[in-house]
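Engineer: Heads up: the sequence shown runs through residues 6 to 144, numbered per the numbering used here. Would you mind keeping the following structure in view while I ask a few things?
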Amino acid sequence: MNGQLTFTMIKPSAFEAGYTGSILSMIEKAGFRIKSLKKVKLTTSQAGDFYEMHRGKPFYEGLVGFMSSGPIVAAVLEKENAVEDFRLLIGATDPANAEPGTIRKLYGKNMGENAVHGSDSDESASREAAFFFSSLELS
Ligand code: IDP
Ligand code: MG
């Protein structure tokens, strides 16, 4: 059975552009409930740890620099089949390849500044939620 939770971040460029309200509205309209929510600014070290699995890839340094360049909004979302349904809602990693009507198509600029993060598995969702939120904030 697929899990009920996923984790998302509104990335610095989308936050800075003032898309937070519109993106959260799209998420709620798509049937996700916001379980936990906060605005934070990551240090480069924290962003580096969050994206640990990408360490060594050509885009890693740029990704870490970008994700620590300004505030982000982190959230845990609840819905049946959350991980898969949320990936459909956000669209492909590169906004240019994302389906019309998806969050990345609407609010992403390019492959790096693609508006939002979405967990890729139930295991990632658990790890990522615990990275940002205490057990009290997740209850
Ligand atoms: P995902 O966010 O769609 O799961 P991942 O492959 O997990 O994509 O990559 C994490 C993030 O790293 C992407 O959302 C994007 O911001 C950035 N990224 C991935 N591949 C590239 C690339 O080829 N160039 C620039 N940035 C990239
Ligand atoms: Mg990913």
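Think of the CB as a built atom: it goes at the ideal place given N, C-alpha and C, for glycine as much as any other residue.
Can you tell me whether M14 is helix, strand or coil according to DSSP?
Structural biologist: Taking the first residue of the sequence shown as 1, we reach residue 14 at position 9. For M14, the secondary structure class from DSSP, reduced to helix, strand or coil, is strand.
Engineer: Excluding the 5 residues flanking R92 on each side, which residues of the same chain have their C-beta closer than 7 Å to its C-beta?
Structural biologist: Working through the sequence shown from its first residue, we reach residue 92 at position 87. Correct list, in chain order: G123.
Engineer: State yes or no: is the C-beta of D125 nearer than 7 Å to some heavy atom of the ligand MG?
Structural biologist: Counted from its first residue, the sequence shown places residue 125 at position 120. True, at least one ligand heavy atom lies under 7 Å from that Cβ.
Engineer: Which residue or residues does DSSP assign as beta-bridge partners of I32?
Structural biologist: Residue 32 sits at position 27 when you count from the first residue of the sequence shown. In DSSP, I32 forms no bridge with anything.
Engineer: Of the residues G106, T13, G8 and Y65, which one's Cα is nearest the Cα of K44?
Structural biologist: In the sequence shown, residue 44 corresponds to position 39, counting from 1. K44 has its Cα closest to that of T13, out of G106, T13, G8 and Y65.
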